[in-house]
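**Student:** Residue numbers (the working numbering): 1369 to 2308.
Can you read through this structure? Questions will come right after.
What follows is the structure, given as structure tokens:
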């Protein structure tokens, strides 16, 4: 916004000299690109970026970013930008047919996982990620693929016609409530503007009927070097890659008389544009407020001005979001959730906006609009307090410091995406050292008074766009434009008191007991870790690593979960995870905890499964004592206040109320009913939320944490043992614990596991876009061994590929289909391969027959050609996981369940498995006779 720019210009005059050594350059100097990045431009206009990075080792990412999207389509081309993205995987000059995908998978690059693309309104980006780089020929072939995507697609007519069905099914899957409302409202949001008519999915009239030559024309018109950026980041030789890029891409010709790449401006508007829509399959009432403003000019984005604008808008939205979150935690809050941001104006890149998104709690959006708008005006008129600013600033710098401290272990994906944004948007990338320096200086020099001066300039009476995406049913009240305007006018006329910032001053832990002691120390050679036994009987495993300089991962596991709870407590069990999300500790309620943790990079969470319970968390080195405080208080002072509990009930019930009539919810509910006998395993409904009892839930949680000796605690990361031991003695050795009464092996409960037997359950419900929802499950018992776990994974991947090729590629019956396998460490019916997918209703029976055949064929024939690429992919992932704290921590925690180590030696297990092994495994699974099909059809 122009006023913000002027304020930032004044600020820049104060800080530019100390911030940049090149202050003697022109008044607004362009920032240099990070010196670790090699960048250049070929004579044909193509730009390239190359960066050496060894996280993960032995891998690299290859991207091609295009400044091209659906906004450039003519009316008879709507949907072709997205269609063209699909065709990049269906035949190029060097990789005809499906050989591109097949070849990449043969070297360990999995389609949909490492190989992907997206099309948006103004850009299209393709990536080949996590490519093993040991062989230079593999690197060169990935560059060749980028070359073909840029200039050598085959666009074969037969392949185009086959892909029409796939696109149509993607449209069917996405053409639900919100998408239909957007199609209806965008012309109002962007009057007389292309952005009002250019969602990437396009129109099915065009997709089903366009002449293939129209697609080829679009490709040759817009896929050209001056709009393309090649990005290679990873464990490669940058000089060699640069030479190869020059060799491979220089021959691409820039078209003569090339069409201008137009960016379509979004004009200002007087007053407020109202765009309110409804749909029978919109599950939640959503209202968005946009306050439009000018975008920072492109020539100023790669300057210090970008940092100042971003810092100020980030801090404004952070402080406002904190207030909105605090308000939503009150039982009488009129909204379930709300948040603000400063970014592109919805789908348009040529306009910025301060945005607010509001989720209705009940069946009336107007009270939610009123309450959130009042909080916005409270901030606009009364400003933010010094305390709020100091906490938000501390959080901002703490997150940045964590990133800076881990800079030597930044993953290639992070760098790749940063370069994509630099190429497409012109945002700066001088490197994390400069980022950290400049933002630290800004934090010290920008006072809260300046923040408070700028927020009112962002919120004007003109240039407003208010958008409603609302349910269309018998209970939800859809307001008129006049009713929304009246609510806004009412709040505008109010005298609004300034915000009162309340921050607890007493310590989180009122008084710590005398420290305990470490009574035994054992070396765990298997994990290269140390196990400490504490004076209260609790065991702690610590694995120091240097994978990241400033990361510590925490996990704790105990036997015993919800399977032992009386089924009459089903409502409480189902609501418990939502209630835990609003937890407090000691005298601190949930809002107090959030304020306490601002500026501290610490997280802790709870998970209670059927037979086990878990705690997990993360911390930096500096904030490790805070993590220990949270662990201590979780066992000694866990609480959910009455207000926080009531707020969670009100919020979740308000969101869920309109979802219960939606096909996705109904399908999930009926699938759970068909698979599980226990009421504890059913989908939560509003009746459960209303029936949930705070006291009963707290009794369960306190029971789960009554004896810390039930748990084994695991810490992985950059841990100095000499510093850490006193923390263990103070915070964990003092927990209430009795090792003699620690939980034993849990009793299995068949009702908590998938039902045995075969059969088909079919039901119907009303749908606006007819599609059949299918869930296929093959279950059985398999011993939990490293080999069985790997074989189930491999079988699922092979089955996924077969289903994808037959049902999607050949039949065009669905957009997405696959198989996903899991074998639990304990349990009776503990192994499952599932395949959930939507399908064209008229092809349902044919597809079900095919799926059944594909499952059965897995026990008859698996080929080396299918298995080899999956081995490559899995071994690559194992190698990568050995450089991650989280992977080691999860492996240690998992082994504590049943003593089985699936981590060490995983590559040997993978390499040794044969096609005959998988066939035998699948014959065993199939022979147990547990094949279930659950169907939700559209009602007649």
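Even glycine gets a Cβ: it sits at the ideal position worked out from N, Cα and C.
For residue 1776, does the three-state DSSP call read helix, strand or coil?
**Tutor:** Residue 1776: helix per DSSP, three-state reduction.
**Student:** Which residues in the same chain as residue 1915 place their Cβ atom closer than 7 Å to its Cβ, once the five residues preceding and following it in sequence are excluded?
**Tutor:** Closer than 7 Å at Cβ, skipping near neighbours: 1777, 2251, 2252, 2253.
**Student:** Between which two residues does the alpha helix (DSSP H) holding residue 2033 run?
**Tutor:** Taken as a continuous stretch (DSSP letters only), the alpha helix (DSSP H) holding residue 2033 covers 2031-2043.
**Student:** State the start and end residues of the unbroken beta strand (DSSP E) segment that holds residue 1974.
**Tutor:** Segment 1971-1976, the beta strand (DSSP E) holding residue 1974.
**Student:** Between residue 1545 and residue 1791, what straight-line distance do the alpha-carbon atoms span, to the nearest angstrom?
**Tutor:** Cα to Cα, the separation comes out at about 34 Å.
**Student:** Work out the CA separation of residue 2161 and residue 2149 for me, nearest whole Å.
**Tutor:** So the two alpha carbons sit approximately 15 Å from each other.
**Student:** Just verifying my parser: in three-state terms, what is the DSSP assignment at residue 1480?
**Tutor:** Coil, per DSSP.
**Student:** Tell me whether residue 2009 is buried or exposed, calling it buried when 16 or more other Cβ atoms sit within 10 Å of its Cβ.
**Tutor:** By the neighbour-count rule (16 or more Cβ atoms within 10 Å), residue 2009 is buried.
**Student:** Relative to the C-alpha of residue 1804, which residue among 1746, 1676, 1919, 1648 is closest?
**Tutor:** Of the listed residues, the one whose Cα sits closest to residue 1804 is 1676.
**Student:** What residue range does the alpha helix (DSSP H) around residue 2291 cover?
**Tutor:** Taken as a continuous stretch (DSSP letters only), the alpha helix (DSSP H) holding residue 2291 covers 2283-2295.
**Student:** How many whole angstroms separate the CB atoms of residue 1506 and residue 1427, which I take to be in contact at a CB cut-off of 8 Å?
**Tutor:** That belief does not hold up - the Cβ atoms of residue 1506 and residue 1427 are roughly 11 Å apart, past 8 Å.
**Student:** Following the continuous alpha helix (DSSP H) through residue 1408, name the residue where it begins and the one where it ends.
**Tutor:** Unbroken run through residue 1408 is the beta strand (DSSP E), 1405-1409; no alpha helix (DSSP H).
**Student:** What separation, rounded to the nearest whole angstrom, lies between the Cα atoms of residue 2110 and residue 2267?
**Tutor:** Approximately 17 Å, taken between the alpha carbons.
**Student:** Give the straight-line distance between the Cα atoms of residue 2288 and residue 2214, rounded to the nearest whole angstrom.
**Tutor:** The straight-line gap from Cα to Cα measures roughly 27 Å.
**Student:** When the Cα atoms are used, what is the spatial distance from residue 1512 to residue 2021?
**Tutor:** If you take the alpha carbons of residue 1512 and residue 2021, they lie about 53 Å apart.
**Student:** In chain order, which alpha helix (DSSP H) runs of at least 4 residues are fully inside the region 1632-1675?
**Tutor:** The qualifying runs are 1666-1669.
**Student:** Within a Cβ cutoff of 6 Å, which residues of the same chain sit near residue 2305, ignoring the five residues on either side of it in sequence?
**Tutor:** Counting only Cβ-Cβ distances below 6 Å, and skipping sequence neighbours, we find 2132, 2140.
**Student:** Excluding the 5 residues flanking residue 1583 on each side, which residues of the same chain have their C-beta closer than 7 Å to its C-beta?
**Tutor:** Result list for residue 1583: 1448, 1451, 1452, 1523, 1528, in chain order.
**Student:** Once you ignore the five residues that flank residue 1856 on each side, which residues in its own chain have a CB closer than 7 Å to its CB?
**Tutor:** Excluding residues within five positions, the ones whose Cβ falls inside 7 Å are 1741.
**Student:** Considering only C-alpha positions, which residue in the set 2229, 1748, 2143 is nearest to residue 2219?
**Tutor:** Considering only alpha carbons, the answer is 2143.
**Student:** In chain order, what residues of the same chain have a beta carbon less than 7 Å from the beta carbon of residue 2249, not counting five sequence neighbours either side?
**Tutor:** If we look at residue 2249 and ignore the five residues flanking it on each side, its Cβ neighbours are 2255.
**Student:** Just to confirm the assignment, what range does the alpha helix (DSSP H) spanning residue 1532 have?
**Tutor:** Per DSSP, residue 1532 belongs to the alpha helix (DSSP H) from 1525-1542.
**Student:** Go ahead and label residue 1635 buried or exposed: buried means 16 or more other beta carbons lie within 10 angstroms of its beta carbon, across all protein chains shown.
**Tutor:** Burial call: exposed.
**Student:** In terms of alpha-carbon separation, which member of 1744, 1796, 1706, 1690 lies closest to residue 1759?
**Tutor:** Comparing Cα-Cα distances from residue 1759 to each of 1744, 1796, 1706, 1690, the minimum goes to 1690.
**Student:** Suppose the cutoff is 8 Å on Cβ atoms and the five residues either side in sequence are ignored; what does the same chain contact list for residue 2152 look like?
**Tutor:** Excluding residues within five positions, the ones whose Cβ falls inside 8 Å are 2191, 2192, 2193, 2194, 2198, 2266, 2268.
**Student:** DSSP state of residue 1521, grouped into three classes?
**Tutor:** In this structure, residue 1521 counts as strand in the three-state DSSP scheme.
**Student:** Tell me which residue opens and which closes the alpha helix (DSSP H) that residue 1996 is part of.
**Tutor:** 1992-2004 is the span of the alpha helix (DSSP H), which, as asked, contains residue 1996.
**Student:** Buried or exposed: residue 1772, going by 16 or more other Cβ atoms within 10 Å of its Cβ?
**Tutor:** By the 10 Å Cβ count, residue 1772 comes out buried.
**Student:** Closer than 8 Å by C-beta to residue 2093: which residues in its own chain qualify, once you throw out the five before and the five after it? Chain order, please.
**Tutor:** So the qualifying residues of the chain are 1886, 1900.
**Student:** If you follow the beta strand (DSSP E) that residue 1492 is in, where does it begin and where does it stop?
**Tutor:** Segment 1492-1500, the beta strand (DSSP E) holding residue 1492.
**Student:** Between residue 1656 and residue 1725, is the Cβ-Cβ spacing less than 7 Å?
**Tutor:** A contact, by the Cβ cut-off of 7 Å.
**Student:** Could you tell me whether the region 1484-1503 touches the region 1430-1439, where touching means 3 or more Cβ pairs closer than 8 Å?
**Tutor:** Yes: the two stretches touch, three or more of their Cβ pairs being nearer than 8 Å.
**Student:** What residue range does the alpha helix (DSSP H) around residue 2176 cover?
**Tutor:** No alpha helix (DSSP H) contains residue 2176, which DSSP labels as neither H nor E.
**Student:** Any idea what DSSP makes of residue 1697, helix, strand or coil?
**Tutor:** In this structure, residue 1697 counts as coil in the three-state DSSP scheme.
**Student:** Between residue 1925 and residue 2264, how many whole angstroms is the CB-CB distance? I'm expecting something under 8 Å.
**Tutor:** Residue 1925 to residue 2264, Cβ: 5 Å. Contact.
**Student:** Tell me the DSSP secondary structure of residue 1895 in three-state form.
**Tutor:** Coil, per DSSP.
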